[in-house]
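Q: Residue numbers (our numbering), protein chains in the order written: chain E, 49 to 407; chain V, 12 to 360. A virtual CB, placed ideally from N, CA and C, is assigned to each residue, including glycine. This one's a predicted model, so the numbers in the text were calculated from it and none came from an experiment.
(1) What alpha helix (DSSP H) runs, 4 residues minimum, are completely inside the region 308 to 335 of chain E?
(2) Just how far apart, CA to CA, sit residue 201 of chain V and residue 250 of chain V?
(3) Mind pulling the chain E residues with CB within less than 8 Å of residue 58 of chain V?
(4) What is the DSSP secondary structure of residue 32 of chain V, counted as helix, strand or coil?
(5) I want to verify the contact list: residues of chain V whose CB lies under 8 Å from the CB of residue 229 of chain E, in sequence order.
(6) Could you name the residues of the region 219 to 248 of chain V whose beta carbon sits closer than 8 Å to any beta carbon of chain E, in the order they occur along the chain?
(7) Compare the C-beta of residue 184 of chain V with all C-beta atoms of chain E and state if any pair is closer than 8 Å.
(8) Which complete alpha helix (DSSP H) runs does the region 278 to 341 of chain V hold, if anything under 4 residues is left out?
(9) Of all the options V/77, V/119, V/56, which has the alpha carbon lying nearest to the alpha carbon of residue 50 of chain V?
(10) Please confirm if residue 290 of chain V has its CB atom under 8 Å from at least one CB of chain E.
(11) 8 Å is my cut-off, CB to CB: does residue 262 of chain V come that close to chain E?
(12) Between the beta-carbon of residue 135 of chain E and the beta-carbon of residue 316 of chain E, is there less than 8 Å?
(13) List, in order along the chain, the chain V residues whose C-beta lies closer than 9 Å to that of residue 332 of chain E?
(14) Going along the region 304 to 331 of chain E in order, which residues come within less than 7 Å of chain V, judged by CB to CB distance?
(15) Can you give me the C-alpha to C-alpha distance between residue 42 of chain V and residue 152 of chain E, rounded to a whole angstrom?
(16) Could you pull out every residue in the same chain whose Cβ sits closer than 7 Å to the Cβ of residue 216 of chain E, ignoring the five residues on either side in sequence?
(17) Could you give the distance in angstroms between the alpha-carbon of residue 129 of chain V and the alpha-carbon of residue 252 of chain V?
(18) Which of the three DSSP states is assigned to residue 139 of chain V in this structure?
(19) Going along chain V, which residues have a C-beta under 8 Å from residue 129 of chain E?
(20) Is residue 36 of chain V close to chain E, meaning its C-beta is less than 8 Å from at least one C-beta of that chain?
(21) Between the C-alpha atoms of residue 278 of chain E and residue 256 of chain V, what's the straight-line distance to the nearest angstrom?
(22) Just how far apart, CA to CA, sit residue 171 of chain E and residue 223 of chain E?
(23) Smallest Cα separation from residue 186 of chain E: which of E/395, E/314, E/88?
(24) Should the region 257 to 271 of chain V be regarded as contacting the region 361 to 378 of chain E, the criterion being three or more beta carbon pairs within less than 8 Å?
(25) From which residue to which residue does the alpha helix (DSSP H) around residue 348 of chain E run?
(26) Which chain V residues are close to residue 153 of chain E, counting only those with a beta carbon under 9 Å from its beta carbon?
(27) State the DSSP-derived secondary structure class of residue 78 of chain V, mapped to helix, strand or coil.
(28) Might you give, ordered along the chain, the residues of its own chain that have their beta carbon closer than 6 Å to the beta carbon of residue 354 of chain V, omitting 5 neighbours on each side?
(29) Which chain E residues are close to residue 255 of chain V, counting only those with a beta carbon under 9 Å from its beta carbon?
(30) Which whole-angstrom value is the C-beta distance of residue 139 of chain E and residue 307 of chain E, which I expect to be below 8 Å?
(31) Return the CA-CA distance between residue 66 of chain E and residue 59 of chain E, expressed in angstroms with no decimal places.
(32) Find out if the Cβ-Cβ distance for the pair residue 258 of chain E, residue 105 of chain E is shorter than 8 Å.
(33) Please say whether residue 142 of chain V and residue 330 of chain V have beta carbons closer to each other than 8 Å?
(34) Alpha carbons only, please: which of V/81, V/233, V/300 is nearest the one belonging to residue 156 of chain V?
(35) Taking beta-carbon pairs under 9 Å, can you tell me which members of the region 349 to 376 of chain E lie near chain V?
(36) Please name the residue in V/204, V/147, V/161 whose C-alpha comes closest to that of residue 305 of chain V.
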């Protein structure tokens, strides 16, 4: 009797196995419900949530608020109205992707616009130079945040809470809380209002500012998804230690992220002068929180490393659609605020639910 | 060391300590040496309106030989610093306080403490709630300010006022008193039934296209105007809570290509606003006088310190009216006004 025969022949005690389940261990298969499949789909395509919400809300307000809302002109007006918050949301997204937060975005934007205005209108500096100096100041403001976060190891919330106040105070000091009039800008530095110019396409009126917003998101999408640096940003946000162990210089990346956010805010400052028409030190007081709202509604996780940069653009548009729709429907302002509040909470709840996806 | 120089050193040290302490609190307090001391407490130190107020008070105090200490909150709404300032004033032995309260209800107990200690408390610009919590209130008649621009708009339109389409650009959803008074004053002046005069937005006159809020700045003014133009593109009368909001509304109108034939009216009388009247961007604005409020306030404290006499409110009002003047370059009959050039001479900020 060969060994092979012996192996093939069952031993007596093994007969007890007859009739038992012969299947290899496997995952429990169950019928996938529609909700499961939806959850799975959304997990794979996180940007779809805000896009679906945007389409649904446009459709809903088209019915509620009527033809005025649905006009090409109104839809392009919404783009104009959200353009500044949208640009700030782009800056905010960069920081939030690294699991940080930047409360100073609005204040640094207003500060830069006051710097640009003071230089170009009040001090007679050539406008392109004034804008360039503004960009540098914005970048430095961002680097200051990055320095405290990485070198002094302070939590981003605390750092930017501090710089928010610092930038705001500097802004009031520089401007004397006094606006620079639209007509004075026209007379001495019309280039400052470049992003207020617009092109008409059919009934729609696109300001250069709203086109700029879309361009900024397009560039950031490319950088975040198609460059090594972009992947580093996600890696740092997802797990800083793991990123460090795999050779990413995380602190340097973080400083660069804050600096880039500062630069985007400074570009926003130029666009804001065009949008508002004047240099207004009292405007955009809540822009920091509005930008965070847009980012959250856009599906970027506050815990970092997750979400698409396109989300906040859609998030900002959703807020704009809600405000415009509710206003045209004649709803009181406080209920608009109420609606945006719920939208924010529901957006984060959705995000949590999607993350719990099972195969 | 003789007694005299010892006293001097002690005084110096005390002064140094006081300055250090004041610096710590972010306050400025010149040492008070003269007999009559007074305090000016404003909402912030950065708004041009309050800067002008401080200038007026300081000039008057110097003239009358009163030692004036000035305090301000760090930002609008900084209530805590104002309470500390009142407490400091009581301790310093000042005769009176001029106060622009950030929180008109919450400040009342602190004001009562000061009055109980024998200080005269005058509310400037912003009435306390209740208004008699202060000994007196020196303020702009904001209802009148609104009424003047309302009358001007109605008279300028003439018979067309019956077909006007009106946009109302207010301040904030919480409807603070200045917001309500100006808005309802405008409507009254224009000849529209305001229903409840303590409430913005309850009117049902068909001429009103709608209300929206601006936060009193250019950005808010522009967005609010865009929204109301979306509701009705034929708006031809725009009331605005202040001149920055008016500037924003003008931007929106020009981006819609609708600046022709639209009347914008406003309230405040700040220099950039009056300049906008001169250039025809704002049709008319009601100018108020922060400098006058403060200098009259200092005079009242001086008088009180001397004779114990309390300031009287204007006849028919529960506060002393420091005046408001219509500024426009298109005067209408029956509404008194000054030109923008005169307005520029008297403007603040």
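A: By the coordinates alone:
(1) Taken in chain order, the region 308 to 335 of chain E contains no complete alpha helix (DSSP H) segment of 4 residues or longer.
(2) Walking along the second chain from the start, residue 201 of chain V turns up at place 190. Walking along the second chain from the start, residue 250 of chain V turns up at place 239. It is roughly 11 Å from the alpha-carbon of residue 201 of chain V to the alpha-carbon of residue 250 of chain V.
(3) For the purposes of this step, residue 58 of chain V is taken as the residue at position 47 of the second chain. Within chain E, the residues whose beta carbon sits less than 8 Å from that of residue 58 of chain V are 225, listed in sequence order.
(4) In the second chain, the residue the question calls residue 32 of chain V occupies position 21. Any answer about residue 32 of chain V is weak, because its pLDDT of 42 lies below 50 and its placement is not dependable; what the coordinates show is given next. DSSP places residue 32 of chain V in the helix class (H, G or I) of the three-state scheme.
(5) As a first step, residue 229 of chain E must be located in the first chain, where it is residue number 181. Chain V residues near residue 229 of chain E: 258, 283, 286, 287.
(6) Residues of the region 219 to 248 of chain V whose Cβ lies closer than 8 Å to any Cβ of chain E, in chain order: 221, 223, 224, 226, 227, 228, 229, 230, 231, 233, 234, 237, 238, 241, 242.
(7) By one-based count along the second chain, residue 184 of chain V stands at place 173. Yes, residue 184 of chain V counts as interfacial toward chain E.
(8) Within the region 278 to 341 of chain V, the complete alpha helix (DSSP H) runs of at least 4 residues are 282 to 289, 301 to 318.
(9) Against the second chain, residue 50 of chain V aligns to sequence position 39. If we check each option's Cα against that of residue 50 of chain V, V/77 comes out closest.
(10) Mapped onto the second chain, residue 290 of chain V falls at position 279. At a cut-off of 8 Å, the C-beta of residue 290 of chain V has a neighbouring C-beta in chain E.
(11) One-based indexing of the second chain puts residue 262 of chain V at position 251. The Cβ of residue 262 of chain V sits closer than 8 Å to at least one Cβ of chain E.
(12) The residue given as residue 135 of chain E occupies position 87 in the first chain. The residue given as residue 316 of chain E occupies position 268 in the first chain. Taking 8 Å as the Cβ cut-off, residue 135 of chain E and residue 316 of chain E qualify as a contacting pair.
(13) Position 284 of the first chain, counted from the start, is the residue given in the question as residue 332 of chain E. The contact set of residue 332 of chain E on chain V, defined by CB atoms closer than 9 Å, consists of 228, 230 in chain order.
(14) Of all residues in the region 304 to 331 of chain E, those with a C-beta nearer than 7 Å to a C-beta of chain V are 324, 325, 326, 328, 330, 331, reading in chain order.
(15) Taking the second chain and counting its residues from 1, the one referred to as residue 42 of chain V is at position 31. Taking the first chain and counting its residues from 1, the one referred to as residue 152 of chain E is at position 104. No answer about residue 42 of chain V holds up, because its pLDDT of 41 lies below 50 and its placement is not dependable.
(16) As a working note, residue 216 of chain E is residue 168 in the first chain. Here the set comprises 155.
(17) For the purposes of this step, residue 129 of chain V is identified with residue 118 of the second chain, where counting begins at 1. For the purposes of this step, residue 252 of chain V is identified with residue 241 of the second chain, where counting begins at 1. Our two residues, residue 129 of chain V and residue 252 of chain V, have alpha carbons roughly 37 Å apart in a direct line.
(18) Counting from 1 along the second chain, the entry for residue 139 of chain V is found at position 128. Look at residue 139 of chain V here: in three-state DSSP terms it is coil, with no helix or strand label.
(19) Within the first chain, residue 129 of chain E is the residue found at index 81, counting from 1. The contacting residues are 234, 237.
(20) Looking up residue 36 of chain V in the second chain gives position 25. Residue placement at residue 36 of chain V cannot be trusted, given a pLDDT of 43 that sits under 50; what the coordinates show is reported in the next sentence. Contact of residue 36 of chain V with chain E is not assigned, every C-beta pair being separated by 8 Å or more.
(21) Within the first chain, numbered from 1, the residue matching residue 278 of chain E stands at position 230. Within the second chain, numbered from 1, the residue matching residue 256 of chain V stands at position 245. Here the alpha carbon of residue 278 of chain E sits roughly 41 Å from the alpha carbon of residue 256 of chain V.
(22) Counted from its first residue, the first chain places residue 171 of chain E at position 123. Counted from its first residue, the first chain places residue 223 of chain E at position 175. Distance between the alpha carbons of residue 171 of chain E and residue 223 of chain E is about 13 Å.
(23) Within the first chain, numbered from 1, the residue matching residue 186 of chain E stands at position 138. Of the candidates E/395, E/314, E/88, the one whose C-alpha sits nearest the C-alpha of residue 186 of chain E is E/314.
(24) Per the Cβ contact rule, the region 257 to 271 of chain V is not in contact with the region 361 to 378 of chain E (fewer than 3 Cβ pairs under 8 Å).
(25) To locate residue 348 of chain E, count along the first chain from 1; it is residue 300. First-last for residue 348 of chain E: undefined, no H or E at that position.
(26) Numbered from 1 along the first chain, position 105 holds the residue referred to as residue 153 of chain E. Per Cβ cutoff of 9 Å: no residues; residue 153 of chain E is ~15 Å from chain V at best.
(27) Reading the second chain from its first residue, position 67 is the one you call residue 78 of chain V. DSSP, read as helix, strand or coil, puts residue 78 of chain V in strand.
(28) For the purposes of this step, residue 354 of chain V is taken as residue 343 along the second chain, with counting starting at 1. If you ignore the 5 residues before and after residue 354 of chain V, its C-beta comes within less than 6 Å of the C-beta of 285, 298, 338, all in its own chain and listed in chain order.
(29) The residue given as residue 255 of chain V occupies position 244 in the second chain. 227, 326, 328, 330, 331, listed in chain order.
(30) Working through the first chain from its first residue, we reach residue 139 of chain E at position 91. Working through the first chain from its first residue, we reach residue 307 of chain E at position 259. Their Cβ separation, rounded to whole angstroms, is 11 Å, which puts residue 139 of chain E and residue 307 of chain E out of contact at 8 Å.
(31) Along the first chain, one-based indexing puts residue 66 of chain E at 18. Along the first chain, one-based indexing puts residue 59 of chain E at 11. Taking the straight line from one Cα to the other gives about 12 Å.
(32) Within the first chain, residue 258 of chain E is the residue found at index 210, counting from 1. Within the first chain, residue 105 of chain E is the residue found at index 57, counting from 1. Not in contact: residue 258 of chain E and residue 105 of chain E (Cβ atoms no closer than 8 Å).
(33) On the second chain, residue 330 of chain V is found 319 positions in, with the first residue counted as 1. On the second chain, residue 142 of chain V is found 131 positions in, with the first residue counted as 1. In this structure, residue 142 of chain V lies closer than 8 Å to residue 330 of chain V by Cβ.
(34) Reading the second chain from its first residue, position 145 is the one you call residue 156 of chain V. When each option's Cα is compared against that of residue 156 of chain V, the closest is V/300.
(35) Hits within the stretch, in order: 371, 372, 375, 376.
(36) Taking the first residue of the second chain as 1, we reach residue 305 of chain V at position 294. Of V/204, V/147, V/161, the smallest CA-CA separation from residue 305 of chain V is found for V/147.
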